[in-house]
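Residue numbers for the sequence shown follow my numbering, beginning at 2 and rising by one.
Each residue gets a CB set at the ideal place from its N, CA and C atoms; glycine is no exception.
Input: a single structure, listed below in structure tokens.
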Amino acid sequence: MKNINIYTCHHKPSAFLSSDLITPIHVGKANSFNEIGCAGDETGENISFKNPFYCELTAQYWVWKNAAPSDYVGFMHYRRHLNFSADQGKPEDNWGVVNYPEITSEYEKIFGLDSESIASCIGDYDIILPKKWSVKAAGSSNNYQHYKISNYLHIKDYQAAIDVLLKRHPEYYQAVKEFNAASDGYYTNMYVMTQALFTEYSAWLFGIFDDLENEISFDNYNAQEKRVIGHISERLFNIFVIYKSSVTPLKVKEVQRTFISQETFNGVIEPFYKTHSVPLVICFDDNYAMSGGALINSIVKNSSSDKNYDIVILENGVSQRNKGRLKELVKEHSNINVRFFDVNAFSELKGVYTRAHFSAATYARLFIPQLFKNFPRVLFIDADTVVESDVAEILDLDIGNNLVAAVKDIVMEGFVKFNAIAQSDSGVQTAAQYLKTSLLMEDPDKYFQAGIILFNVEVMNQENTFSKLMESMKEKNYWFLDQDIMNKVFYNRVHYLPLCWNVYHGNGNTDDFFPNLKFSTYMSFLDARRNPKMIHYAGENKPWNTSNVDFFDNFLKNIHNTPWEKDVYERLLSHGTKSTDPAMPLPSVLLQTKIKRKLMPHFNKFAPIGSRRRSSVSKFYYKIRRIVLG
């Protein structure tokens, strides 16, 4: 088999093809803090930062300058591929593409995207091209007019490119004339060609663009209009093929193009360090970037020099500014690395059940076994925490065949004791009833808290635990969302960590709720607070909004000397007024929360926590609420 290298261009998390002949490239990686599951175009000699203007050409440039030579070189896109199968008669839409729902093994089989079919299709041809598409389908009479009337394109830019081309290569005049007058062409910058032809084409193309950059300018262009170089390259590619065919006849084969309508993700995150790795996962959005910064700072302060800390942030809309700040926290530490992954890559999160302050991103923890499948273990830590000990200690624990290690949820113990009412698809139930019937936990006392979890990924892979998590997520709506799902799936497979690894800051009711737990639990709670290894600021009262919470100083010392220190002081001094930092708005307080805060002291007197009266009133309230709200 000939040596064939075909590259697919990806700018965000997406599905990868499985053939060994196809290599995904993260285009524009120099402009992104995020990982998408494949190598980027920012190494070696590159123009990665030009991706917003050059589009997929930054990948072509990288391959031209850095990749090992092969017999054939080709390019496709993350949603557009060539049909390498023998069947080239599949129905096409108005844009000349064959549509298919998503990338699956069946898709690869139908369109010949396996190594054997690709090699067979290429044979001894000089170049494989997508079938020509007629611009008449878009209402244009020829290629030149099509550029002139297309949205986001300006004919002056294309004309400037033609002028540069003819100045450098006057022998191309007839080829330019032929393409511009023609009503069809090879569009989408997809092809497979011999290495010699690819090298010649790349030198020719980027030579033209080097000169073109001196001839054009953006006249208040928007983001779409700035993709000008990528659009022009589609036309220049045709001109190159026409000219080369007129000089030395090329052995050309045309094939269909495909288009994937549904975006999915099937990639994985690879370990950053090869040895002594401590893989850590944190999940937050931009509102919790400040808290995430304090957590990472605390991890750094308690880290060991003989360990390598691989921190992956599952982010949901974290700004470039805050990503840069988070990277800055570890830049002086060669054994600590921070990288990001966009949780919106998980298509399964669309339409999931949420309530209160929970967002769809809270389910991201369920995807850890799949996303980090090449790690033996991964430690997840909630963003609203700080650590007071080296977290590597947990990675070294022997947890046997258990799926996770976590801390028992003593708040849930209280909910069970006080007959708290669960909110779920299962109707109005007490906490104990809910845990037994909805989560199938015979012993409710085994419920764990998800603020810190050691995932035994290696065992999960062996048992296909990820599919069980997905099945449970789609089955029904849960009270505490993903935390309940994990308790259901991991039941009786939990190694319980000491309470000191997940110490509640109390949320302002340290002397109210916790003393009413079992005496032994309360004593363990007090003992853990004497020397906490991790402090969890769970609940509404956060130390970046108020100093009137336990362990406030632990947060403050970890926000000290970070880029958010000034923001924290401003928020605390404002006493609840709006923050001056638009990246860190104060959370709005719902009307029902304000009402609840006013009424609860009176209700507590009328129906004390743990009383039968409170249980009866709560059940009645939630039955009415369910009728009204559904």
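Residues that DSSP places opposite residue i in a beta bridge
i           : result
residue 35  : 341
residue 98  : 258
residue 284 : 315
residue 10  : 26 and 78
residue 379 : 456
residue 537 : 386 and 505
residue 134 : 186
residue 41  : 27
residue 128 : 194 and 253
residue 450 : 408
Residues of its chain near residue i, where Cβ-Cβ distance is below 6 Å and the 5 sequence neighbours each way are ignored
i           : result
residue 39  : 25 and 27
residue 417 : 432, 433 and 445
residue 18  : 114
residue 194 : 128
residue 631 : With a pLDDT of 46 at residue 631, under the threshold of 50, the predicted position of this residue should be treated as unreliable, and no value is reported.
residue 632 : Residue 632 is absent from the model: the chain starts at 2 and stops at 631.
residue 317 : 286, 344 and 362
8 Å CB neighbourhood of residue i in its chain, flanking five on each side removed
i           : result
residue 330 : 294, 297, 298, 301, 339 and 563
residue 135 : 97, 184 and 185
residue 477 : 425, 426, 427 and 439
residue 246 : 253
residue 409 : 446, 447, 448, 449, 450, 497 and 500
residue 359 : 482
Segment limits, alpha helix (DSSP H) that includes residue i
i           : result
residue 55  : 52 to 55
residue 461 : 458 to 464
residue 523 : 520 to 531
residue 202 : 196 to 213
residue 491 : That residue, residue 491, is in no alpha helix (DSSP H); it is neither H nor E in DSSP.
residue 558 : 553 to 560
residue 233 : 229 to 248
residue 513 : No alpha helix (DSSP H) contains residue 513, which DSSP labels as neither H nor E.
Alpha carbon of residue i to alpha carbon of residue j, nearest angstrom
i           : j           : result
residue 407 : residue 504 : 12 Å
residue 534 : residue 499 : 10 Å
residue 313 : residue 189 : 34 Å
residue 84  : residue 103 : 15 Å
residue 649 : residue 290 : This structure does not reach residue 649, given that the chain is present from 2 up to 631, and the question cannot be answered.
residue 436 : residue 442 : 6 Å
residue 515 : residue 545 : 23 Å
residue 46  : residue 53  : 18 Å
residue 582 : residue 569 : With a pLDDT of only 44 at residue 582, under 50, the local geometry of the prediction cannot be trusted, and the value read off the model is given with reservation. If you take the alpha carbons of residue 582 and residue 569, they lie about 10 Å apart.
residue 181 : residue 141 : 12 Å
residue 116 : residue 352 : 37 Å
residue 452 : residue 365 : 13 Å
residue 422 : residue 481 : 12 Å
residue 91  : residue 12  : 28 Å
residue 349 : residue 215 : 46 Å
residue 553 : residue 382 : 19 Å
residue 8   : residue 149 : 30 Å
residue 68  : residue 130 : 22 Å
residue 591 : residue 566 : Reliability of the predicted coordinates at residue 591 is poor, the pLDDT of 46 falling under 50, and the value obtained from them is presented with this limitation in mind. When rounded, the distance between both Cα atoms is 27 Å.
residue 626 : residue 430 : Low local confidence applies: a pLDDT of 49 at residue 626 is under 50, so the model's placement there is unreliable, with the coordinate-based value given in what follows. Rounded to the nearest angstrom, the two C-alpha atoms are 13 Å apart.
residue 164 : residue 177 : 10 Å
First and last residue of the uninterrupted beta strand (DSSP E) at residue i
i           : result
residue 270 : No beta strand (DSSP E) holds residue 270; DSSP gives it neither H nor E.
residue 27  : 23 to 27
residue 405 : 405 to 409
Proximal residues to residue i (C-beta, below 7 Å), its chain only, five neighbours per side dropped
i           : result
residue 486 : 367, 470, 473, 474 and 479
residue 530 : 504
residue 232 : 154
residue 614 : 608
residue 522 : 411 and 414
residue 278 : 272, 309 and 311
residue 179 : 243
Short Cβ contact (8 Å threshold) for residue i with residue j
i           : j           : result
residue 37  : residue 14  : yes
residue 269 : residue 378 : no
residue 122 : residue 76  : no
residue 390 : residue 303 : yes
residue 93  : residue 257 : yes
residue 1   : residue 41  : Residue 1 lies beyond the stretch modelled for the chain, which goes from 2 to 631, so this question has no answer here.
residue 281 : residue 128 : no
residue 344 : residue 362 : yes
residue 467 : residue 370 : yes
residue 236 : residue 56  : no
residue 537 : residue 355 : no
residue 266 : residue 373 : no
residue 388 : residue 456 : no
The ligand MG heavy atom lying under 7 Å from the CB of residue i
i           : result
residue 300 : Among the components modelled here there is no ligand, and therefore nothing to report on the ligand MG.
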